[in-house]
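Position one of the sequence shown corresponds to residue 749 (the working numbering), numbered consecutively onward.
Taking it in order: structure first as structure tokens, then the write-up.
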Amino acid sequence: MARTLFEKIIAREVPANIVFEDDSVCAFRDINPQAPTHILIVPKKPIPRLGEAKAEDQSVLGHLLLQAAEVAARAGLDKTGYRLVINHGPDAGESVPHLHVHILGGRHMKWPPG
Ligand code: 5GP
């Protein structure tokens with residue numbers, strides 16, 4: 749299967765501003781930021797999207813969320829707040845088929861989202 753864009757970022761084959769990495773996740777700045785701080789955090793395992801995660805991915809998914817909170821705090825967003833977004837499928841605007849959590853902060857977020 750073709751490797752995803754985010755696998756190539758993890759492998760340093762595509763340049764990105766990587767802000768955090770450990771054995772199972774990688775976080776880097778979004779190339780087209782939608783907020784003053786916009787970071788993507790992805791599992792190194794190329795799960796295409798949340799709905800295709802399996803029971804065996806439970807610990808990866810839990811770690812992904814815990815590290816999303818850590819990355820947000822390290823970016824200085826824990827006091828002012830931040831939003832996590834996971835887009836699944838065309839109606840949500842998913843454009844890269846490699847599960848990723850958007851970490852958005854640095855401005856007031858509207859509700860409901862557009
Ligand atoms: P999605 O729309 O699938 O939820 O989010 C994909 C995100 O990946 C978008 O916010 C888009 O700006 C970001 N993105 C697309 N290509 C690149 C790239 O080459 N580098 C980085 N850092 N982000 C990218």
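Think of the CB as a built atom: it goes at the ideal place given N, C-alpha and C, for glycine as much as any other residue.
Sheet register partners of residue i (DSSP bridge)
| i | result |
| --- | --- |
| His856 | Bridge partners of His856: none, in fact. |
| His850 | Leu788, Val833 |
| Val773 | Pro791 |
| Phe768 | Ala775 |
Option nearest residue i by Cα separation, candidates the options
| i | options | result |
| --- | --- | --- |
| Phe754 | Ala823, Phe776, Val808, Leu798 | Phe776 |
| Leu825 | Met749, Pro784, Ala759 | Pro784 |
| Arg831 | Ala840, Ile787, Ala803, Gly837 | Ile787 |
| Gly862 | Asp770, Pro791, Asn835 | Asn835 |
| Lys792 | Ala803, Val819, Ala759, Ala820 | Ala759 |
| Ala823 | Leu852, Trp859, Ala840 | Leu852 |
| Ile789 | Ala801, Pro781, Ile766 | Ile766 |
| Asp771 | Leu812, Ala764, His856, Ala821 | Leu812 |
| Pro781 | Leu809, Trp859, Ala764 | Ala764 |
| Trp859 | Cys774, Glu800, Val833 | Val833 |
| His728 | Glu818, Glu804, Thr828 | The structure shown does not extend to residue 728, since the chain is modelled only from 749 through 862, so no value can be given for it. |
Residue i - DSSP class collapsed to helix/strand/coil
| i | result |
| --- | --- |
| Glu818 | helix |
| Val844 | coil |
| Leu813 | helix |
| Glu804 | helix |
| Lys827 | coil |
| Pro796 | coil |
| Glu761 | coil |
Exposed unless 16 or more other CB atoms sit within 10 angstroms - verdict on residue i
| i | result |
| --- | --- |
| Leu814 | exposed |
| Val762 | exposed |
| Ile779 | exposed |
| His850 | buried |
| Ala816 | buried |
Inset, instruction - Pair every Cβ in the stretch 788 to 799 with every Cβ in the stretch 838 to 850, then say whether three or more of these pairs are closer than 8 Å. - result: yes
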